[in-house]
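Residue numbers (the numbering used here), protein chains in the order written: chain Z, 1 to 320; chain R, 321 to 638; chain L, 639 to 926. The beta carbon of each residue, even a glycine, is placed where N, CA and C say it ideally should be. Keep in mind the model is a prediction, meaning the values are calculated, not measured. Worksheet: the structure to be examined is printed underneath.
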Amino acid sequence: MSLLSVQNLTTEFLSGGRWLEAVSDVSFDLQRGEILGLVGESGCGKSTIAYSVMRLLASNARISAGEVWLEDLNLTKASEDALQDLRGSRLSMIFQDPMTALDSLFTVGHQVIETLQEHLGLNLAAAQERALDLLRQVGIPAAEERLGAYPYQFSGGMSQRIALAIAISCHPQVLIADEPTTALDVTIQAQILHLIRRLLVEEQGSGVLLITHDLGVVAQVCDRVAVMYAGKIVECGDVESIFSNPLHPYTQALFKSLPSQGIARGALENIQGLVPGLADRPTGCQFHPRCIHARALCRERTPPLRNAADGQEVACVLYD
Amino acid sequence: MRLLRYIAGRLLLLLPVLFGTSVLIFLLLRLIPGDPAQVILGLRATPERLAIVREELGLDLPVHLQYGQWLGKLLHGDLGKDFRSNESVSALLRVRLPVTIQLTLMSLTMAVLIAVPLGIRAAIRPGGIADRLSMLLGLFGISIPDFWLGIMLILLFALGLRMFPSSGYVRLDADLLGNLRAFFLPALTLAVGLSAVLVRITRSAVLEVLELDFVKFLRAKGLREQRVIYQHVLRNASIPIVTVIGLQFGYLLGGAVIVEEVFSLPGVGRLIVSYTLERNYPVVQAGMLVVAFLFIMVNLTTDVIYALLNPKIRGAGT
Amino acid sequence: MSARAGRVGKLLERLRGWYNASRSAFIGGTIIVALVIMTATVSLYSPYKPDAMDFMAPLSAPTAAHLLGTDNFGRDILTRVLYGYQISLAVALGSVGFGLAAGVTLGLLAGYFGGALDNLIMRPMDVLMAFPAIVLVVALTGFVGREVSVMVLAVAVVYVPIFARVMRGSTLEVVSELYVEGARARGASHLRLMLRHILPNAIAPVLIQASILMGIAILLESALSFIGLGTQPPDPSLGLMLSEGRSFMQQAPWMVMVPGLAISIVVLGFNLLGNGLQDLLNPARKGR
């Protein structure tokens, strides 16, 4: 049994009185002791998958089809109470901007401790002890004094370490990290990624779903990667296989634009056109209007994800 | 340390306002058409009395010296004299001030108890019953004149249902229950208008905080929704709410002027009105000074609470 | 015939457009327009004069002859309310007009020139704002004189700093906009810049404020008349009617109910209008 299994997930947003698909029929599995990278340009639906798994979608969004399983528990059917128990304990999440993820009016100690008390029912002394331990684990210097400090007194990198300390405080089985290093500079980035690998994967054997637009980040820490385009996974497989032999034309385009500036924002320089918005997605393969290999068939058929090579799946008619 | 410096800075900013306020109140006496001494004492005053009052008010001096003399007395705690009864105004205010303070504090408490929970519920569930109620309160609360609301409450609860007295004042130390009963309707009257303003700001402040990133993280770490809202969101929203309460205290003091009149409560507001009607101006000036001073001090207190709520200004942490 | 039907249709269409743009502003505007028409033409249709006493029917409950009853002198309350609106609206219009003119001028100057002039203008405004509005108005009318004209000026004095602050803030926002920079680069004079470029673009928030302050002026006028410092008897001011009715509120509750409701309705109208305009100007903040 997989640790986390997303099956045919479709998530929609309400916009101008219509429900529009942000994530369409997406399936993937996350195993224990594995970091799965979810890569794509902004607006491709990767964060929506994260919020769908956490069941923390905004009120104008809904899961309209599919299921998400955490081991033998169906998250899409779980009650709000059960979900609240799960979040922060078996299922954790950290966010892109660490400077706004903490409540500026409470000490970081309080914010670690309240999580421990909520899920583990520790008394104050025990929770303080454990909080101190956690801050040391994530590498906060002078942890004892820093427990009483407020978020504004920390740098971005330190704040993300604290957020990570909170996220791992109750030994989660799954951590979802939504662009956890995008707001940080490169050296700090590497430290945080290394910390995630060591504390979660190596020490606990947890699974990590790492959402990023940066193929460099994927290369650094991920075991497997799923490439998303316009609400769908177009290619999925081992990092080595995909990096050495990308199959989908979109993945290939991503790699071609990599050395210059990655796929930070906006147009890829060697592909024409832009990512379609939610309201004007094309029929058939989502990528066909921009694809150099596109044929008439691509406009009609939505190719499913299928095995193309060892450890590699791709959704493209080229490999039928 | 940082907090002290912040408070000192605020106090420094207040000095010019206090000075300007005193000048304005002083100048009011000069606005009286004709001879102020004559107006204050009435037409039948003897020339001797008129001379004494002119002397006391310093009317024979040039204006800037008059102000200097008046301010000098003020700074020594001498608020002047009621020229009709020869009583000192300080003594008069000592009796009146507690009434106004109790009235405003009670209605402030009521308004917070009504508006804050309602505003929170309105923000949590937009379009729900609480949201509609808060919208109605926000609209009608500021449209209904408070003196009329007071009269209606008297008609219904005092004359109709006989649950509360229709007017009159019972001292707090004489009869606690009677005192609270006497203050209930006037405080409620004042509270309705204030809660209209408060419910709006609470709703919008909570809505704004709910959209912040840290709320997502609190939910992602599985904190109970009750604690997310009542501990974190409310604490963050309280900063704009407290600021508005401070600004609205002026509204309460102003409302007290009218409501004390409606319910015959002997407070500073009623003093200002009745002594204005009698043209007993020195007493009115003292009353206005007290009101302005109270208002300025409340704003200072608001600034301090604002700082206490905000660790960055407070300089908290290690 | 068809041309006329076309015109009516167009009018209806435009009304529906306004209604859809902001329900709140539409309802508020309708209340105000209706009240203004009713009160401006009251002498044409009312069978009573506001101070005509009917000694046969003092304290009469609402009847067919006196739709909202009579007061202790047998005066028709509905008629007096409609005349009372004239005073309310005149005081509100006058005080908002003076306050607006002075406040906009001061705020524009303070925001445009900044620096020492800004301080010279705005610091005295802080002093005026250190008093609750009603206290300042009570004092001014009490010290200067109990006349409608003094009351108008007193309320205006309270309003000047409010308008000045709003105008100053809005000027500061507009001053940095590109088109102002452009006009300045083309060598426009200060006066031309202020009147042609800044004023029209910065005035909207001030006008919204004006609608809300119209309502508050009506509340202040009635409060002042209620305590005896505003309109003097026998003029039919709504606040005065309320205070006269207090002595009879048990025998004739309509004497206090009607004027209070009348005040509430007109103030509600101005508040609805102000809120609606606010939403129209700033759709993102709708309902906040």
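What residue range is occupied by the uninterrupted beta strand (DSSP E) comprising residue i?
| i | result |
| --- | --- |
| Z:THR11 | 4-15 |
| Z:SER24 | 18-30 |
| Z:ILE176 | 174-178 |
| L:MET760 | Element bounds for L:MET760: not the beta strand (DSSP E) but the alpha helix (DSSP H), 753-766. |
| Z:GLU235 | 232-238 |
| R:LEU543 | Here R:LEU543 belongs to no beta strand (DSSP E), and DSSP marks it neither H nor E. |
Is DSSP giving residue i helix, strand or coil here?
| i | result |
| --- | --- |
| R:PHE339 | helix |
| Z:ASP85 | helix |
| L:LEU906 | helix |
| R:GLY362 | coil |
| R:GLU649 | Since the first and last residues shown for chain R are 321 and 638, residue 649 of chain R lies out of range. |
| R:LEU403 | Reading the sequence as shown, one finds Phe at residue 403 of chain R and not Leu. In this structure, R:PHE403 counts as coil in the three-state DSSP scheme. |
| Z:ILE94 | strand |
| R:TYR489 | coil |
| R:GLY480 | helix |
| R:THR509 | helix |
| Z:GLY311 | coil |
| Z:ILE192 | helix |
| Z:SER64 | strand |
| Z:GLY266 | With a pLDDT of 46 at Z:GLY266, under the threshold of 50, the modelled position of that residue is not reliable, and the figure given next carries that caveat. Here Z:GLY266 sits in coil by DSSP. |
| Z:ALA125 | helix |
| Z:VAL138 | coil |
| L:LEU820 | Correcting the residue identity first, residue 820 of chain L is Gly in this sequence and not Leu. Helix at L:GLY820. |
| Z:SER260 | Its pLDDT being 45, under 50, Z:SER260 is placed unreliably by the model, and the measurement read from it follows with that caveat. Three-state result, Z:SER260: helix. |
| Z:ARG345 | Lying outside 1 to 320, the shown extent of chain Z, residue 345 of chain Z is not represented and no answer is given. |
| R:THR596 | helix |
| Z:ASN74 | strand |
| R:LEU609 | helix |
For residue i, return the contacting residues in chain R, with the cut-off set at a CB-CB distance below 9 Å.
| i | result |
| --- | --- |
| L:SER860 | PRO465, PHE467, TRP468 |
| Z:SER92 | ALA540, LYS541, GLY542 |
| L:SER618 | Summary: the structure shown does not reach residue 618 of chain L, with chain L confined to residues 639 through 926, and so no result is reported for it. |
| L:VAL905 | ILE462, SER463, ILE464, PRO465 |
| Z:GLN84 | ARG539, GLY542, LEU543, ARG544, GLU545 |
| L:GLY853 | ILE462, SER463 |
| Z:ARG87 | ARG539, ALA540, LYS541, GLY542, LEU543 |
Please list, in chain order, the chain R residues whose beta carbon lies closer than 8 Å to that of residue i.
| i | result |
| --- | --- |
| Z:THR115 | LYS541, GLY542, LEU543 |
| L:SER902 | PHE460, SER463, ILE464, PRO465, TRP468 |
Can you list the residues of chain R that residue i reaches, using a CB-CB cut of under 7 Å?
| i | result |
| --- | --- |
| L:ILE759 | The contacting residues do not exist; L:ILE759 stays about 13 Å from chain R at best. |
| L:ALA768 | VAL337, THR341, ALA612, PHE615, ILE616 |
| L:PRO762 | GLY340 |
| L:ILE670 | In chain order: nothing, as chain R lies at least about 13 Å away. |
| Z:ILE166 | LYS541 |
| L:VAL765 | VAL337, GLY340, THR341, LEU344 |
| Z:GLU118 | GLY542, LEU543, ARG544 |
In terms of residues, what are the limits of the alpha helix (DSSP H) holding residue i?
| i | result |
| --- | --- |
| R:GLU581 | 554-582 |
Starting from residue i, find everything on chain Z with Cβ-Cβ shorter than 8 Å and list it in chain order.
| i | result |
| --- | --- |
| R:ASP533 | PHE95, ASP97, THR100, ALA101 |
Using a Cβ-Cβ distance cut-off of 7 Å, determine whether residue i contacts chain C.
| i | result |
| --- | --- |
| R:GLU581 | In the structure shown, chain C does not exist; the protein chains are Z, R and L. |
Open item on the list: Check whether the region 548-566 of chain R and the region 729-743 of chain L are in contact - that is, three or more C-beta pairs closer than 8 Å.
Closed with: no
Task: chain R contacts made by the region 871-889 of chain L, where a contact means CB separation under 7 Å - done: LEU880, ARG884, MET887, GLN888
Task: Contacting positions in the region 346-367 of chain R - beta carbon closer than 8 Å to chain L - done: Residues LEU348, LEU349, LEU351, ILE352, PRO353.
Task: Near-chain L residues of the region 400-413 of chain R (beta-carbon distance less than 8 Å), N- to C-terminal order - done: none
Open item on the list: Against chain R, which members of the region 770-791 of chain L pass a CB distance test of less than 7 Å?
Closed with: PRO770, ALA771, ILE772, VAL773, VAL776, ALA777, GLY780, PHE781, VAL782, GLY783
Task: Cβ contact (3+ pairs, closer than 8 Å) linking the region 764-779 of chain L and the region 789-796 of chain L - done: yes
Task: Members of the region 552-572 of chain R that neighbour chain Z once the beta carbon cut-off is set at 8 Å - done: Under the 8 Å Cβ criterion, the region 552-572 of chain R contributes HIS552, ARG555, ASN556.
TODO: Give, in chain order, every residue of the region 685-701 of chain L whose Cβ lies closer than 9 Å to some Cβ of chain R.
DONE: none
Open item on the list: Between the region 439-458 of chain R and the region 589-603 of chain R, can you find at least three pairs of beta-carbon atoms closer than 8 Å?
Closed with: no
Task: Chain-ordered residues of the region 831-844 of chain L with a beta carbon less than 7 Å from chain R - done: Across the region 831-844 of chain L, no CB contact with chain R closer than 7 Å is found for any residue.
Open item on the list: Could you check whether the region 502-515 of chain R touches the region 64-76 of chain Z, counting it as contact only if at least three pairs of C-beta atoms, one from each stretch, sit closer than 8 Å?
Closed with: no
TODO: Decide if the region 88-102 of chain Z is in contact with the region 151-170 of chain Z; the criterion is three or more beta carbon pairs, one per stretch, under 8 Å apart.
DONE: yes
Open item on the list: If the cut-off is 7 Å on Cβ atoms, which residues from the region 593-606 of chain R count as contacting chain L, listed in chain order?
Closed with: Residues passing the 7 Å Cβ filter: VAL593, THR596, LEU597, TYR601, VAL604.
Open item on the list: Would you call the region 726-735 of chain L in contact with the region 288-307 of chain Z, where contact means no fewer than 3 C-beta pairs closer than 8 Å?
Closed with: Segments in contact, no.
TODO: Would you check if there are 3 or more beta carbon pairs closer than 8 Å linking the region 880-897 of chain L to the region 811-824 of chain L?
DONE: no
TODO: Inspect the CB distances between the region 465-478 of chain R and the region 850-864 of chain L and report whether three or more fall short of 8 Å.
DONE: In short, these stretches touch, since the Cβ pair count reaches three.
TODO: Using a Cβ-Cβ cut-off of less than 7 Å, give me the residues of the region 741-756 of chain L that come near chain R, in sequence order.
DONE: none
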